[in-house]
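All the letters of the sequence shown, read from the start, carry residue numbers 1 to 328 under this note's numbering. Just so you know, even glycine gets a beta-carbon here, dropped at the ideal spot from N, CA and C.
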Amino acid sequence: MSRRSFITASTTGLAGLSFGPAAFGSANLAPRKHPAKSTILFFLCGGSSHIDMWDMKPAAPVEYRGEFNPIRTSAPEVQICEHLPMTAKQGHHLAIVNGLTDYGRATGDHHAGYYYNLTGHAPDDTFRREGNDRRPYATDWPHMGCVIGSKRPPHPKMPQVITLPFKPSKAPYTRPGQFAGRLGMEFDPFFVAGSRERPLNFSAPTLTMDASITAGRMGDRRALLDAVNAARRELDHEAVVNNYVRQQEKAFSLLASSGTAGAFDIATEKPATLERYGQTVNGTSLVMARRLVEAGVPFVTVFWAEDDEEVAKKCLSGGGWDTHGNNF
(Lines of atoms letter the chains of each structure in order from A and count residues from 1; the text may use other names and numbers.)
(Lines give C-alpha, C1' and ligand atoms only; values in the text may rest on other atoms or scores of the structure.)
Protein backbone atom coordinates (compact mmCIF):
# COMPACT_ATOMS: atom_id res chain seq x y z
CA MET A 1 0.00 0.00 0.00
CA SER A 2 1.44 3.39 -1.00
CA ARG A 3 1.61 6.19 1.54
CA ARG A 4 -1.00 8.15 -0.36
CA SER A 5 -3.31 5.11 -0.41
CA PHE A 6 -2.86 4.83 3.33
CA ILE A 7 -3.70 8.50 3.91
CA THR A 8 -6.79 8.19 1.71
CA ALA A 9 -7.85 5.01 3.46
CA SER A 10 -7.23 6.55 6.86
CA THR A 11 -10.08 9.00 6.39
CA THR A 12 -12.36 6.03 6.88
CA GLY A 13 -10.12 3.60 8.72
CA LEU A 14 -9.18 5.85 11.61
CA ALA A 15 -12.83 6.15 12.52
CA GLY A 16 -12.70 2.79 14.21
CA LEU A 17 -12.69 0.61 11.11
CA SER A 18 -9.81 -1.83 10.77
CA PHE A 19 -7.48 -2.83 7.95
CA GLY A 20 -6.56 -6.46 7.40
CA PRO A 21 -2.92 -7.29 8.11
CA ALA A 22 -2.31 -7.98 4.42
CA ALA A 23 -3.10 -4.36 3.61
CA PHE A 24 0.17 -3.40 5.26
CA GLY A 25 2.23 -6.11 3.61
CA SER A 26 2.65 -8.36 6.64
CA ALA A 27 0.63 -11.44 7.46
CA ASN A 28 2.12 -11.46 10.96
CA LEU A 29 1.16 -7.92 11.93
CA ALA A 30 -0.57 -8.15 15.30
CA PRO A 31 -3.60 -5.92 15.93
CA ARG A 32 -3.09 -3.05 18.33
CA LYS A 33 -4.19 -3.88 21.85
CA HIS A 34 -5.10 -0.28 22.61
CA PRO A 35 -6.34 1.52 19.49
CA ALA A 36 -6.30 5.30 19.58
CA LYS A 37 -9.37 6.84 21.19
CA SER A 38 -8.77 10.39 19.97
CA THR A 39 -6.64 12.33 17.51
CA ILE A 40 -5.10 15.81 17.59
CA LEU A 41 -4.20 17.16 14.15
CA PHE A 42 -1.77 20.07 14.52
CA PHE A 43 -1.83 21.69 11.09
CA LEU A 44 1.25 23.86 10.56
CA CYS A 45 -0.22 26.16 7.93
CA GLY A 46 2.38 26.42 5.19
CA GLY A 47 4.25 23.33 6.32
CA SER A 48 7.53 22.86 8.16
CA SER A 49 10.67 22.54 6.04
CA HIS A 50 11.78 18.91 5.95
CA ILE A 51 15.43 19.64 5.16
CA ASP A 52 15.57 22.04 8.13
CA MET A 53 13.71 19.85 10.63
CA TRP A 54 13.04 16.19 9.86
CA ASP A 55 15.12 15.07 6.87
CA MET A 56 18.49 16.76 7.22
CA LYS A 57 20.24 14.83 4.41
CA PRO A 58 23.71 15.13 6.01
CA ALA A 59 25.32 12.96 3.32
CA ALA A 60 23.83 14.89 0.41
CA PRO A 61 25.70 17.59 -1.57
CA VAL A 62 25.59 20.98 0.12
CA GLU A 63 23.11 22.38 -2.40
CA TYR A 64 20.54 19.74 -1.37
CA ARG A 65 20.73 19.89 2.39
CA GLY A 66 19.64 22.44 4.96
CA GLU A 67 21.59 24.95 7.02
CA PHE A 68 21.49 23.01 10.28
CA ASN A 69 23.13 19.88 11.66
CA PRO A 70 21.40 16.61 12.58
CA ILE A 71 21.31 15.13 16.08
CA ARG A 72 20.44 11.64 17.27
CA THR A 73 17.03 10.83 18.69
CA SER A 74 15.81 8.14 21.08
CA ALA A 75 14.89 6.06 18.00
CA PRO A 76 17.72 4.05 16.40
CA GLU A 77 19.06 5.57 13.16
CA VAL A 78 16.59 8.48 13.29
CA GLN A 79 18.07 11.98 13.26
CA ILE A 80 16.38 15.38 13.34
CA CYS A 81 17.42 19.03 13.55
CA GLU A 82 19.83 20.20 16.25
CA HIS A 83 17.29 22.84 17.30
CA LEU A 84 14.75 20.18 18.38
CA PRO A 85 16.52 18.57 21.38
CA MET A 86 13.34 17.94 23.39
CA THR A 87 11.61 16.39 20.39
CA ALA A 88 14.67 14.20 19.86
CA LYS A 89 14.09 12.68 23.31
CA GLN A 90 10.64 11.57 22.11
CA GLY A 91 11.95 10.09 18.86
CA HIS A 92 10.75 6.58 19.72
CA HIS A 93 7.18 7.93 19.66
CA LEU A 94 7.50 9.55 16.23
CA ALA A 95 6.55 8.19 12.82
CA ILE A 96 8.33 10.52 10.41
CA VAL A 97 7.30 10.20 6.76
CA ASN A 98 9.97 11.53 4.40
CA GLY A 99 8.59 10.26 1.10
CA LEU A 100 5.24 11.96 0.53
CA THR A 101 4.50 13.22 -2.97
CA ASP A 102 1.53 14.73 -4.77
CA TYR A 103 1.96 12.40 -7.78
CA GLY A 104 1.51 15.41 -10.04
CA ARG A 105 -2.04 15.96 -8.82
CA ALA A 106 -1.45 19.21 -6.91
CA THR A 107 -1.92 22.63 -8.48
CA GLY A 108 0.66 24.70 -6.61
CA ASP A 109 -1.85 26.89 -4.76
CA HIS A 110 -2.81 26.96 -1.10
CA HIS A 111 -6.44 25.93 -1.52
CA ALA A 112 -5.48 22.69 -3.23
CA GLY A 113 -2.77 22.01 -0.65
CA TYR A 114 -5.16 22.37 2.28
CA TYR A 115 -7.75 20.19 0.56
CA TYR A 116 -5.26 17.45 -0.31
CA ASN A 117 -3.81 17.28 3.20
CA LEU A 118 -7.08 17.58 5.13
CA THR A 119 -9.12 15.11 3.07
CA GLY A 120 -6.50 12.73 1.64
CA HIS A 121 -8.07 13.17 -1.80
CA ALA A 122 -6.44 14.81 -4.80
CA PRO A 123 -7.87 18.20 -5.85
CA ASP A 124 -10.20 17.96 -8.84
CA ASP A 125 -10.20 20.14 -11.96
CA THR A 126 -12.13 22.93 -10.23
CA PHE A 127 -8.98 23.74 -8.24
CA ARG A 128 -6.98 24.17 -11.44
CA ARG A 129 -9.62 26.39 -13.00
CA GLU A 130 -10.39 28.55 -9.96
CA GLY A 131 -7.16 28.50 -7.93
CA ASN A 132 -7.49 30.46 -4.67
CA ASP A 133 -10.99 31.55 -5.73
CA ARG A 134 -12.19 27.97 -5.32
CA ARG A 135 -14.85 27.86 -2.57
CA PRO A 136 -15.79 24.89 -0.37
CA TYR A 137 -18.46 22.83 -2.17
CA ALA A 138 -21.13 20.61 -0.66
CA THR A 139 -19.79 17.80 -2.88
CA ASP A 140 -16.21 18.05 -1.54
CA TRP A 141 -14.59 15.09 0.13
CA PRO A 142 -14.85 15.51 3.91
CA HIS A 143 -12.15 16.54 6.35
CA MET A 144 -10.77 13.33 7.86
CA GLY A 145 -11.93 14.39 11.33
CA CYS A 146 -15.51 14.69 10.10
CA VAL A 147 -15.38 11.11 8.82
CA ILE A 148 -14.20 9.93 12.21
CA GLY A 149 -16.88 11.95 13.98
CA SER A 150 -19.57 10.47 11.74
CA LYS A 151 -18.47 6.90 12.51
CA ARG A 152 -17.95 7.13 16.25
CA PRO A 153 -20.79 6.89 18.79
CA PRO A 154 -22.04 10.37 19.77
CA HIS A 155 -20.31 11.93 22.75
CA PRO A 156 -22.86 12.47 25.55
CA LYS A 157 -21.88 16.11 26.20
CA MET A 158 -19.29 17.29 23.70
CA PRO A 159 -19.12 17.80 19.93
CA GLN A 160 -17.55 14.99 17.92
CA VAL A 161 -15.12 17.13 15.94
CA ILE A 162 -13.65 20.47 17.04
CA THR A 163 -11.56 23.05 15.18
CA LEU A 164 -9.57 25.86 16.84
CA PRO A 165 -8.38 28.61 17.17
CA PHE A 166 -9.52 29.86 13.74
CA LYS A 167 -10.90 28.73 10.39
CA PRO A 168 -8.18 28.93 7.72
CA SER A 169 -8.69 32.07 5.64
CA LYS A 170 -11.70 34.33 5.80
CA ALA A 171 -14.42 34.55 3.18
CA PRO A 172 -14.27 34.82 0.26
CA TYR A 173 -11.03 32.81 0.45
CA THR A 174 -12.19 30.11 2.86
CA ARG A 175 -10.02 27.02 2.45
CA PRO A 176 -11.79 23.92 1.10
CA GLY A 177 -11.26 20.63 2.89
CA GLN A 178 -11.90 21.77 6.46
CA PHE A 179 -15.61 20.90 6.44
CA ALA A 180 -17.77 17.78 6.18
CA GLY A 181 -18.60 18.30 2.50
CA ARG A 182 -20.61 15.42 1.08
CA LEU A 183 -21.19 13.94 4.54
CA GLY A 184 -23.55 16.81 5.32
CA MET A 185 -23.42 19.94 7.45
CA GLU A 186 -24.43 18.02 10.56
CA PHE A 187 -20.90 16.58 10.63
CA ASP A 188 -19.09 19.92 10.25
CA PRO A 189 -16.50 20.64 12.95
CA PHE A 190 -17.54 22.63 16.00
CA PHE A 191 -15.59 25.89 15.98
CA VAL A 192 -13.81 27.36 19.01
CA ALA A 193 -12.25 30.79 18.53
CA GLY A 194 -8.99 31.95 20.06
CA SER A 195 -7.09 35.22 19.73
CA ARG A 196 -3.46 36.27 19.80
CA GLU A 197 -4.32 39.25 22.02
CA ARG A 198 -6.12 37.13 24.67
CA PRO A 199 -4.60 33.63 24.43
CA LEU A 200 -6.26 32.36 27.62
CA ASN A 201 -9.75 33.29 26.49
CA PHE A 202 -11.38 30.90 24.05
CA SER A 203 -14.96 31.33 22.94
CA ALA A 204 -17.44 28.99 21.35
CA PRO A 205 -19.78 31.29 19.40
CA THR A 206 -22.54 28.69 19.21
CA LEU A 207 -22.47 28.30 23.01
CA THR A 208 -22.85 32.00 23.74
CA MET A 209 -26.32 33.22 24.69
CA ASP A 210 -27.42 36.81 25.07
CA ALA A 211 -27.57 37.81 28.72
CA SER A 212 -31.27 38.67 28.33
CA ILE A 213 -32.20 35.06 27.50
CA THR A 214 -33.24 33.32 30.71
CA ALA A 215 -33.79 29.59 31.15
CA GLY A 216 -37.54 30.23 30.89
CA ARG A 217 -37.21 32.09 27.60
CA MET A 218 -34.99 29.33 26.28
CA GLY A 219 -37.67 26.78 27.17
CA ASP A 220 -40.35 28.85 25.42
CA ARG A 221 -38.23 29.10 22.29
CA ARG A 222 -37.65 25.37 22.29
CA ALA A 223 -41.38 24.66 22.60
CA LEU A 224 -42.10 27.02 19.70
CA LEU A 225 -39.39 25.37 17.62
CA ASP A 226 -40.89 21.93 18.30
CA ALA A 227 -44.25 23.16 17.03
CA VAL A 228 -42.71 24.64 13.89
CA ASN A 229 -40.81 21.44 13.18
CA ALA A 230 -43.96 19.37 13.57
CA ALA A 231 -45.70 21.55 10.98
CA ARG A 232 -42.73 21.42 8.61
CA ARG A 233 -42.76 17.63 8.61
CA GLU A 234 -46.14 17.75 6.90
CA LEU A 235 -44.85 20.07 4.17
CA ASP A 236 -41.20 19.19 3.62
CA HIS A 237 -39.20 16.04 3.05
CA GLU A 238 -39.15 14.31 6.42
CA ALA A 239 -35.50 13.21 6.20
CA VAL A 240 -34.37 16.80 5.64
CA VAL A 241 -36.45 18.09 8.55
CA ASN A 242 -35.22 15.32 10.83
CA ASN A 243 -31.66 16.33 10.03
CA TYR A 244 -32.36 19.91 11.10
CA VAL A 245 -34.10 18.67 14.24
CA ARG A 246 -31.07 16.60 15.22
CA GLN A 247 -28.89 19.65 14.80
CA GLN A 248 -31.26 21.75 16.90
CA GLU A 249 -31.37 19.14 19.66
CA LYS A 250 -27.59 19.03 19.69
CA ALA A 251 -27.40 22.82 19.94
CA PHE A 252 -29.87 22.97 22.83
CA SER A 253 -28.02 20.20 24.63
CA LEU A 254 -24.71 22.03 24.33
CA LEU A 255 -26.24 25.32 25.46
CA ALA A 256 -27.80 23.71 28.52
CA SER A 257 -24.67 21.88 29.66
CA SER A 258 -22.45 23.73 32.12
CA GLY A 259 -19.88 20.98 31.74
CA THR A 260 -19.56 21.68 28.03
CA ALA A 261 -18.82 25.36 28.52
CA GLY A 262 -16.38 24.55 31.32
CA ALA A 263 -14.31 22.34 29.05
CA PHE A 264 -13.38 25.40 27.02
CA ASP A 265 -12.17 27.39 30.02
CA ILE A 266 -8.40 26.90 30.21
CA ALA A 267 -7.94 29.72 32.72
CA THR A 268 -8.38 27.01 35.37
CA GLU A 269 -5.35 25.10 34.03
CA LYS A 270 -2.28 24.87 36.27
CA PRO A 271 0.10 27.83 35.73
CA ALA A 272 3.03 25.41 35.30
CA THR A 273 1.21 23.66 32.45
CA LEU A 274 0.41 26.91 30.68
CA GLU A 275 4.02 28.00 31.07
CA ARG A 276 5.28 24.74 29.59
CA TYR A 277 3.07 25.02 26.52
CA GLY A 278 3.65 28.77 26.18
CA GLN A 279 1.01 31.44 26.74
CA THR A 280 0.55 32.20 23.07
CA VAL A 281 -2.55 31.42 21.06
CA ASN A 282 -0.83 28.38 19.54
CA GLY A 283 0.45 27.11 22.88
CA THR A 284 -2.89 27.51 24.64
CA SER A 285 -4.69 25.96 21.66
CA LEU A 286 -2.65 22.81 22.21
CA VAL A 287 -3.55 22.87 25.91
CA MET A 288 -7.18 23.13 24.86
CA ALA A 289 -6.79 20.26 22.40
CA ARG A 290 -5.28 18.06 25.11
CA ARG A 291 -8.15 18.87 27.49
CA LEU A 292 -10.71 18.06 24.82
CA VAL A 293 -9.31 14.64 23.94
CA GLU A 294 -9.02 13.89 27.66
CA ALA A 295 -12.75 14.68 27.80
CA GLY A 296 -13.35 12.10 25.06
CA VAL A 297 -13.66 14.26 21.93
CA PRO A 298 -12.66 11.96 19.03
CA PHE A 299 -10.93 14.50 16.79
CA VAL A 300 -9.50 17.98 17.39
CA THR A 301 -7.80 20.10 14.71
CA VAL A 302 -5.50 22.95 15.71
CA PHE A 303 -4.66 25.28 12.83
CA TRP A 304 -1.45 27.25 13.41
CA ALA A 305 -2.37 30.93 13.89
CA GLU A 306 0.15 33.25 12.26
CA ASP A 307 1.09 36.68 13.55
CA ASP A 308 0.35 39.06 10.67
CA GLU A 309 2.51 41.84 12.08
CA GLU A 310 5.54 39.61 12.58
CA VAL A 311 4.97 38.00 9.19
CA ALA A 312 5.19 41.40 7.54
CA LYS A 313 8.53 42.05 9.26
CA LYS A 314 10.20 38.69 8.68
CA CYS A 315 8.72 36.86 5.77
CA LEU A 316 8.01 39.33 2.96
CA SER A 317 4.68 37.70 2.17
CA GLY A 318 2.65 34.73 3.26
CA GLY A 319 2.22 33.63 6.84
CA GLY A 320 2.52 30.86 9.32
CA TRP A 321 5.16 28.34 8.26
CA ASP A 322 4.97 29.41 4.63
CA THR A 323 7.71 32.04 4.75
CA HIS A 324 8.16 32.79 1.02
CA GLY A 325 11.54 34.31 1.81
CA ASN A 326 13.85 35.73 4.51
CA ASN A 327 14.14 32.23 5.96
CA PHE A 328 17.41 32.95 7.78
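Quick one: is VAL240 buried, meaning 16 or more other Cβ sit within 10 Å of its Cβ, or exposed?
By 1-based counting over the sequence shown, the position of residue 240 is 240. Any reading at VAL240 must be qualified, since the residue scores a pLDDT of 48, below 50, and its modelled position is unreliable; no value is offered.
Report the option in GLY177, THR174, ALA289 and TRP321 whose CA atom is closest to the CA atom of THR39.
Looking up residue 39 in the sequence shown gives position 39. Of the candidates GLY177, THR174, ALA289 and TRP321, the one whose C-alpha sits nearest the C-alpha of THR39 is ALA289.
Can you pull the DSSP bridge partners for PHE299?
The residue you call residue 299 lines up with position 299 of the sequence shown. Partner(s): THR39 and VAL161.
Measuring CA to CA, which of PRO168, ASN201, ALA171 and ARG135 is closest to GLY262?
Here residue 262 refers to the residue found at position 262 of the sequence shown. GLY262 has its Cα closest to that of ASN201, out of PRO168, ASN201, ALA171 and ARG135.
Figure out for me which residue from GLY184, ARG152, PRO189 and SER203 has the closest Cα to the Cα of LEU41.
Here residue 41 refers to the residue found at position 41 when the sequence shown is read from its first residue. When only C-alpha atoms are compared, the closest one is PRO189.
When the Cα of VAL164 is compared with those of ASN69, GLU63 and THR301, which residue comes out closest?
Counting from one through the sequence shown, the residue named residue 164 turns up at place 164. Inspection of the sequence shows that residue 164 is occupied by Leu rather than by Val. Nearest C-alpha to LEU164: THR301.
Starting from the C-beta of PHE191, find all residues in its chain whose C-beta is less than 6 Å away, skip the five residues before and the five after it, and write them out in chain order.
As a first step, residue 191 must be located in the sequence shown, where it is residue number 191. Result list for PHE191: THR163, in chain order.
Evaluate contact between the stretch 170-188 and the stretch 100-116, counting only Cβ atoms and requiring at least three cross-stretch pairs below 8 Å.
yes
Tell me the DSSP secondary structure of PHE190 in three-state form.
What you label residue 190 is simply residue 190 of the sequence shown in a count that begins at 1. Here PHE190 sits in strand by DSSP.
Indicate whether PRO76 and PRO58 have their beta-carbon atoms separated by less than 8 Å.
The residue you call residue 76 lines up with position 76 of the sequence shown. The residue you call residue 58 lines up with position 58 of the sequence shown. Contact: no.
If contacts are defined as beta-carbon pairs under 8 Å, then GLU269 and VAL287 qualify, I think. What distance do you get, rounded to the angstrom?
Position 269 of the sequence shown, counting from 1, holds the residue named residue 269. Position 287 of the sequence shown, counting from 1, holds the residue named residue 287. GLU269 to VAL287, Cβ: 6 Å. Contact.
Assuming ILE148 is part of the alpha helix (DSSP H), what are its boundary residues?
Working through the sequence shown from its first residue, we reach residue 148 at position 148. From DSSP, the alpha helix (DSSP H) with ILE148 extends over 144-151.
Among all the DSSP beta bridges, which residues are the ones paired with ARG72?
Here residue 72 refers to the residue found at position 72 when the sequence shown is read from its first residue. The partner list for ARG72 (beta bridge, DSSP) reads GLN79.
Starting from the C-beta of ASN132, find all residues in its chain whose C-beta is less than 7 Å away, skip the five residues before and the five after it, and write them out in chain order.
Counting from one through the sequence shown, the residue named residue 132 turns up at place 132. Only ASP109, HIS110, HIS111 and TYR173 meet the Cβ criterion.
Per the DSSP calculation, SER203 is bridged to which residue(s)?
Locating residue 203 in the sequence shown gives position 203, where the first residue counts as 1. Per DSSP, ALA193.
The alpha helix (DSSP H) spanning LEU118 covers which residue range?
Numbered from its first residue, the sequence shown carries residue 118 at position 118. First-last of the alpha helix (DSSP H) with LEU118: 110-119.
Thinking C-beta only, is PHE68 closer than 8 Å to PRO142?
One-based indexing of the sequence shown puts residue 142 at position 142. One-based indexing of the sequence shown puts residue 68 at position 68. A distance of 8 Å or more separates the beta carbons of PRO142 and PHE68.
Run through DSSP, which three-state label would ASP102 get?
Residue 102 sits at position 102 when you count from the first residue of the sequence shown. ASP102: coil per DSSP, three-state reduction.
Enumerate in chain order the residues of its own chain whose CB-to-CB distance from TRP321 is below 7 Å, with the five nearest sequence positions on each side excluded.
The residue labelled residue 321 in the question sits at position 321 within the sequence shown. Taken in chain order, the residues that qualify are LEU44, CYS45, GLY46, GLY47, SER48 and TRP304.
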